[in-house]
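What follows is a short report on a single structure.
See the structure below:
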């Protein structure tokens, strides 16, 4: 009954050989959609300029969240499609996978969104995202010189983050 | 009456540790919903909402290709939400088949490919079917119901 030979119809990148080079990029957004941090480790393809790319990513997450809230098959009261929802309200999502990448997503109660893009065959990264949020709290929020809502410019945070992502993905 | 049969099926499926599908959508290459079937999810969506959700999925699928860090991306295959998984299969002509099912359900990909086969056999080969238009083919309905409800999911993966 198998229509196609294998289980994958589209060509996918080679399986990870050596660990440490599978993290593609990381975004941190605040609840207003401002990109606080963008880190890039391995991204050969740029289709848009940086600002447009961030806007598109935030828009994708926002719409996917309203889609999952509306589609939720376990609750009867789902409201209308496209109505903005508070963090933690409605059914959200934690990851999606395409043939070339996997995107893991976490939203904190304060509306901080952390997005990590990795190789499609990486496993569940929910705990790792929580750890990254911990790093954010330790190195950014507890920094007295940081103004909330402004882009993160912390060398220490960046190096710790780079080190951690190299370790997990 | 019909609802109780569907509900009974879901209980059976759970008892045997089989896949439970909540709903199935087929959208044409421009994002229009051409087929929708609900297999007993809580709080049914009305027709307008299913159309909106389908075209929203079409755009999300397209945007995800734009954001790929490497070239050759063909869109979202699996979306893992808190209470469900959404598996999507896109045929070479751009028709998308997607199913909403319980989290962690296996072998939905092969079921979607099997549904694609049913679509080619009973819809595209039907001389009265107009391409890209909503599917109203009795034979397709019958065969689809059989393949989903008798739960061929477990067999198909082998």
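Protein chains in written order, with this note's numbering: chain A, 127 to 295; chain B, 298 to 455.
Built from N, CA and C at the ideal position, the CB exists for glycine as well.
Give the interface partners of residue i over in chain D, defined as CB-CB distance under 7 Å, in chain order.
| i | result |
| --- | --- |
| residue 328/B | In summary, chain D is missing from the structure at hand, where the protein chains are A and B. |
Can you find the residues in the same chain that come closer than 6 Å, C-beta to C-beta, to residue i, ignoring five residues on each side of it along the sequence?
| i | result |
| --- | --- |
| residue 362/B | 370 and 372 |
| residue 429/B | 325 |
| residue 135/A | Here the model assigns residue 135/A a pLDDT of 41, short of 50, so the residue's position is not dependable, and the following value carries that caveat. Hits under 6 Å: none found. |
| residue 164/A | 153 |
| residue 358/B | 372 and 373 |
| residue 216/A | 195 |
| residue 309/B | The pLDDT assigned to residue 309/B is 47, lower than 50, so where the model puts this residue is not dependable; a value taken from the coordinates is nonetheless given after this. None. |
| residue 278/A | 162, 163 and 266 |
| residue 436/B | 419 |
| residue 311/B | In this prediction, residue 311/B has a pLDDT of 49, which is less than 50 and means its spatial position is unreliable; what the coordinates show is noted afterwards. Nothing meets the Cβ criterion. |
| residue 438/B | none |
Give the C-beta separation of residue i and residue j to the nearest angstrom, bearing in mind that I take them to be a contact with Cβ-Cβ under 8 Å.
| i | j | result |
| --- | --- | --- |
| residue 354/B | residue 193/A | 7 Å |
| residue 380/B | residue 210/A | With a Cβ gap of about 20 Å, residue 380/B and residue 210/A do not count as contacting. |
| residue 255/A | residue 232/A | 4 Å |
| residue 266/A | residue 276/A | At roughly 10 Å, the Cβ-Cβ gap does not stay under 8 Å, so residue 266/A and residue 276/A are not in contact. |
| residue 411/B | residue 388/B | At roughly 13 Å, the Cβ-Cβ gap does not stay under 8 Å, so residue 411/B and residue 388/B are not in contact. |
| residue 174/A | residue 182/A | 7 Å |
| residue 148/A | residue 238/A | Contact doesn't hold; Cβ gap of about 24 Å is too wide. |
Quick one, which of the options has its alpha-carbon nearest residue i's?
| i | options | result |
| --- | --- | --- |
| residue 236/A | 158/A, 149/A, 147/A and 272/A | 158/A |
| residue 251/B | 155/A, 179/A and 233/A | No information on residue 251/B is available, as it lies outside the stretch 298 to 455 that chain B covers here. |
| residue 341/B | 320/B, 381/B, 374/B and 328/B | 320/B |
| residue 339/B | 152/A, 202/A and 191/A | 202/A |
| residue 268/A | 283/A, 256/A and 196/A | 283/A |
| residue 327/B | 438/B, 390/B and 443/B | 390/B |
| residue 253/A | 190/A, 213/A and 294/A | 294/A |
| residue 393/B | 356/B, 423/B and 424/B | 356/B |
| residue 343/B | 205/A, 270/A and 212/A | 205/A |
| residue 367/B | 212/A, 167/A and 189/A | 167/A |
Going along the chain, which residues of its own chain have a beta-carbon closer than 8 Å to the beta-carbon of residue i, five neighbours each way excluded?
| i | result |
| --- | --- |
| residue 347/B | 322, 330 and 333 |
| residue 365/B | none |
| residue 261/A | 283, 286, 287 and 290 |
| residue 382/B | 375, 376, 397, 398, 399, 400, 401, 402 and 405 |
| residue 129/A | Bear in mind that the predicted position of residue 129/A carries a pLDDT of just 42, short of 50, making it too unreliable to give a figure here. |
| residue 176/A | 164 |
| residue 352/B | 324, 328, 329 and 330 |
| residue 442/B | none |
| residue 454/B | Here residue 454/B scores only 49 on pLDDT, less than 50, and its place in the model is too uncertain to base an answer on. |
Less than 8 Å between the beta carbons of residue i and residue j, yes or no?
| i | j | result |
| --- | --- | --- |
| residue 259/A | residue 234/A | yes |
| residue 220/A | residue 377/B | yes |
| residue 257/A | residue 150/A | no |
| residue 196/A | residue 350/B | yes |
| residue 413/B | residue 386/B | yes |
| residue 241/A | residue 162/A | no |
Closer than 7 Å by C-beta to residue i: which residues in its own chain qualify, once you throw out the five before and the five after it? Chain order, please.
| i | result |
| --- | --- |
| residue 335/B | 320 and 341 |
| residue 263/A | none |
| residue 214/A | 235 |
| residue 218/A | 191, 194 and 233 |
| residue 440/B | 415 and 419 |
| residue 434/B | 419, 420, 423 and 426 |
| residue 160/A | 275 |
| residue 184/A | 155 and 159 |
| residue 137/A | Its pLDDT being 47, under 50, residue 137/A is placed unreliably by the model, and nothing is read from it. |
Inset, instruction - Report yes or no: do the stretch 411-418 of chain B and the stretch 282-295 of chain A share at least 3 C-beta pairs separated by less than 8 Å? - result: no
Legend entry - Three or more C-beta pairs below 8 Å linking the stretch 246-263 of chain A and the stretch 207-224 of chain A: yes
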